[in-house]
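Novice:
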Amino acid sequence: MIQPKNFAAVGARLLVTLIMVSIAIPSLLDASGLGAPSGFAIGLGGTTASAAQVETDEAAASLDEEDAKTAKPQRAESTGRKRTAIILPFRSDINPISGALLKRRFQQAVDSGTVDVIILDIESPGGFTYVTFELMDMVLAAKNVETVAFIEKDAISGAALLSLSTDTILMKPDARIGDAGEIVMGEDGAFRYTEAKSRSVLAQKVRDTAAATGRPVALAEKMTDKDMVVYHATHLTNGEKRYISDKEHASMEDADDWELGKPIREAGKEMFFTANGRRAVELGIADQTVADRDELARVLNVATPIEVVEASWTDGLVMFLNFKFVTFLLLLIGLIGVATELSAPGLGIGGIVAVLCFGLFFWSRFLGGTSGWLEVTCFAMGILFIGAEIFVIPGFGVAGITGLALTLGSLVMASRRFTMPAGDADWVSLGNDILLVGGAFVGFLVVAAVLTSYMGSIPILNRLTLQAEVEPSGAVVMNDNTPAWQRVQVGQTGVSVSPLRPGGRVEVDEMMVDVVTEGDYVDSGQPVRVIAKQGARVVVRVVEEAPHNPNLNA
39 MIQPKNFAAV GARLLVTLIM VSIAIPSLLD ASGLGAPSGF AIGLGGTTAS
89 AAQVETDEAA ASLDEEDAKT AKPQRAESTG RKRTAIILPF RSDINPISGA
139 LLKRRFQQAV DSGTVDVIIL DIESPGGFTY VTFELMDMVL AAKNVETVAF
189 IEKDAISGAA LLSLSTDTIL MKPDARIGDA GEIVMGEDGA FRYTEAKSRS
239 VLAQKVRDTA AATGRPVALA EKMTDKDMVV YHATHLTNGE KRYISDKEHA
289 SMEDADDWEL GKPIREAGKE MFFTANGRRA VELGIADQTV ADRDELARVL
339 NVATPIEVVE ASWTDGLVMF LNFKFVTFLL LLIGLIGVAT ELSAPGLGIG
389 GIVAVLCFGL FFWSRFLGGT SGWLEVTCFA MGILFIGAEI FVIPGFGVAG
439 ITGLALTLGS LVMASRRFTM PAGDADWVSL GNDILLVGGA FVGFLVVAAV
489 LTSYMGSIPI LNRLTLQAEV EPSGAVVMND NTPAWQRVQV GQTGVSVSPL
539 RPGGRVEVDE MMVDVVTEGD YVDSGQPVRV IAKQGARVVV RVVEEAPHNP
589 NLNA
């Protein structure tokens, strides 16, 4: 337990610990060259989509050919030189972590100024809608580089939409693209088509993207809408040919001027548009088929060999630290480290362990795009409130509860990408994170109770506690440095200096001792007696005053 004279030292150590955490996170970010991407949205394949990122058709159409030529480098061989290209492999589902790591590598390539072509080697089943939208916006906003989607096998769902946002789509002949219908998990655990509101947002986003990159809008929308049918259409007056959906045709003012031909085989009723490389080129979704990377280089007029920027060890570490079980261990060990530091202020090992665990936790969330400085600030304030409750304010009241809420709340916030849940899947995800953090806290309480009772008798761990000095004769040597819980003896009496609920503090022979009752509530200023000691746990009971007997007076 902590003596009054150690309060200032422990408070200073606690402040130093918080400063170390604050310094460690940006230092790790700078050392690894990683940033903290931000963004709040919802998901594909498990949640619904956000309307915040939807652009209008007019805005997408405003990017004319002349603007596009100035924004993107040209492929013409007349320049007399081979262009510089890099390949960014993306072979995982689209989730907040994989999306944040791809954005970091993509932005580094754009900012380098030495890359003319960024090739996204895509093989993915898709994933969260809001992450897909963020990646699409990132690619569409890229300047001074040509963006290419190279599909060797499958670009399905969100991966197909990401491919649509690039300047050029190159596919192997048997590769596949499409099937981007948005689904959501129902209460029964089965996946089903999302509601019309969410589908409308997704369809508008796809139409805008297809218009901006010069691809058939109707076929692109058909990737997300299984109910519409797309036809070959011919203008009766000027002979113009294009793809028109039944929904679009029904809303056209000049519908009578267009003759609808046969429906596109891959764009019929009750199906999402999906095509292989050969068919995608025929329909104008893809630009060309290539057999391998050598042909890819020739088509793009880039120098070979093309540099492949694989995921770094840092990326792998971030993914590992975001696993649920690893997160649970980080939080559990970090909380134990904080408790150890507060109960043994002269040691420092607990503080170092806590800084390491919570530093790694927030660092991995920074790089995964789910945490920012708000979460770190809330966590630091929570620790300070708890410290104030322990060292300054007697008992356990508003400061302690506020500190506990800030600390645990910040840990939950650091794993979320949305402010408020927008659907059933978001609520389920939030519940899982609350259970994870709550489970780690309950585990900490269990471990703390075990260590408090038996730490002094556990081999190796007993070396981490302060022990009383013992003379050769076996007598315990007491001095001013001996903790109060060791100096106090069973049978001694004192006065409670704070309410005991059932924990609190009492003063025994001018020593402040942390004690607990047998479960009873005791007001401050009440006389108490030490009735038991178990390790550092001191148990007290209220002293019952003997009734006054007048016959005893002389």
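The numbering of the sequence shown is the numbering used here, which starts it at 39 and goes up by one. Every residue gets a Cβ at the ideal spot worked out from N, C-alpha and C, and that includes glycine. In this text the structure is predicted, and so the values were computed from the model without any measurement.
Apart from the five residues just before and just after Gly420, which ones in its own chain have a Cβ nearer than 6 Å to its Cβ?
Specialist: Gly441, Leu444 and Thr445
Novice: Per the contact definition of three or more C-beta pairs closer than 8 Å, is the region 210-223 in contact with the region 304-311?
Specialist: Pairwise C-beta distances place the region 304-311 in contact with the region 210-223, as three or more of them are shorter than 8 Å.
Novice: Using 8 Å as the threshold, is the region 156-169 in touch with the region 123-131, meaning 3 or more CB pairs across them?
Specialist: yes
Novice: Quick one: give me the first and last residue of the beta strand (DSSP E) that Val450 is part of.
Specialist: Careful: Val450 lies outside any beta strand (DSSP E), inside the alpha helix (DSSP H) at Val436 to Met451.
Novice: I need the straight-line Cα distance from Ala522 to Arg567, nearest angstrom please.
Specialist: 15 Å
Novice: Return yes when the Cβ of Pro211 is within less than 8 Å of the Cβ of Val315, no when it is not.
Specialist: The question names Val, yet the displayed sequence has Gly at residue 315. Cβ distance < 8 Å, so Gly315 and Pro211 count as in contact.
Novice: Should Leu240 and Thr262 be called a contact, given that it needs their Cβ atoms to be closer than 8 Å?
Specialist: Contact flag set, yes.
Novice: Contact between the region 185-193 and the region 168-175 is defined here as three or more beta-carbon pairs at a separation below 8 Å; is this criterion met?
Specialist: no
Novice: Helix, strand or coil for Ala193? Go by DSSP, reduced to three states.
Specialist: strand
Novice: Compare the C-alpha of Leu370 against each of Gly389, Asn360 and Cys395 and name the closest.
Specialist: Cys395
Novice: For Met290, count the other beta carbons within 10 Å of its own beta carbon; 16 or more makes it buried, fewer makes it exposed. Which is it?
Specialist: exposed
Novice: Roughly how far, in whole angstroms, is the beta-carbon of Leu373 from the beta-carbon of Ala478, given that I think they are within contact range, below 8 Å?
Specialist: 7 Å
Novice: Could you check what DSSP says for Arg142 in three-state terms: helix, strand or coil?
Specialist: helix
Novice: Should Leu359 and Ser402 be called a contact, given that it needs their Cβ atoms to be closer than 8 Å?
Specialist: yes
Novice: For Glu582, collect the residues of the same chain with a Cβ closer than 7 Å to its Cβ; drop the 5 residues on either side in sequence, then sort them by chain order.
Specialist: none
Novice: Pick helix, strand or coil for Val580, following the three-state DSSP scheme.
Specialist: Reduced to three states, the DSSP call for Val580 is strand.
Novice: Contact defined as beta carbons within less than 8 Å: I believe Gly322 pairs with Arg237. What is the distance between those atoms, to the nearest angstrom?
Specialist: Actually they are not in contact, since the Cβ atoms of Gly322 and Arg237 sit about 24 Å apart, beyond 8 Å.
Novice: Relative to the alpha-carbon of Leu412, which residue among Ala452, Ile424 and Ala377 has its alpha-carbon at the smallest distance?
Specialist: Ala452
Novice: Measure the alpha-carbon distance for Lys362 versus Thr272 and round it to whole angstroms.
Specialist: 55 Å
Novice: Classify Tyr269 as buried or exposed, calling it buried when 16 or more other Cβ atoms lie within 10 Å of its own Cβ.
Specialist: buried
Novice: Around the C-beta of Met150, are 16 or more other C-beta atoms found within 10 angstroms, so that it is buried, or is it exposed?
Specialist: Checking the sequence shown, residue 150 turns out to be Ser, not Met. Ser150 sits exposed, since fewer than 16 C-beta atoms from the chains shown fall within 10 Å of its C-beta.
Novice: Taking Ile132 as the reference, give the member of Ala486, Val267, Ala197 and Ala293 with the closest Cα.
Specialist: Ala197
Novice: Taking Cβ to Cβ, would you say Ala187 is nearer than 8 Å to Lys260?
Specialist: no
Novice: Please name the residue, chosen from Leu200, Arg143, Glu556 and Ala249, that lies closest to Val347 on a Cα-to-Cα basis.
Specialist: Arg143
Novice: Could you pull the DSSP bridge partners for Leu281 from this structure?
Specialist: One detail in the question is off: residue 281 reads as Tyr in this sequence, not Leu. Looking at the DSSP assignment, Tyr281 forms a beta bridge with His270.
Novice: What whole-angstrom Cβ distance do Ser203 and Thr247 have, given they're in contact under 8 Å?
Specialist: 5 Å
Novice: Using only CA atoms, which one of Val546, Phe417, Leu368 and Met266 lies nearest to Val528?
Specialist: Val546
Novice: Using 10 angstroms around the beta-carbon of Val578, count the other beta-carbons present and answer buried if the total reaches 16, otherwise exposed.
Specialist: Classification of Val578: buried, given that the 10 Å Cβ count is 16 or more.
Novice: Please state whether DSSP places Ser201 in a helix, a strand or coil.
Specialist: helix
Novice: Leaving aside the five residues before and after Val414 along the sequence, list all residues of the same chain whose C-beta is less than 6 Å from its C-beta, in chain order.
Specialist: Phe400
Novice: In chain order, what residues of the same chain have a beta carbon less than 6 Å from the beta carbon of Val475, not counting five sequence neighbours either side?
Specialist: Leu446, Leu449 and Val450
Novice: Taking the alpha carbon of Glu184 as the reference point, which residue from Leu257, Ser130, Asp292 and Leu338 has its own alpha carbon closest?
Specialist: Leu338
Novice: Please classify Ala313 as buried or exposed, where buried requires at least 16 other C-beta atoms within 10 Å of its C-beta.
Specialist: buried
Novice: Going by DSSP, name the residue or residues bridged to Asn314.
Specialist: Looking at the DSSP assignment, Asn314 forms a beta bridge with Arg214.
Novice: Identify whether Lys300 lies in helix, strand or coil by the three-state DSSP scheme.
Specialist: strand
Novice: What does DSSP give as the partner residues of Val546 in its beta bridges?
Specialist: Met549
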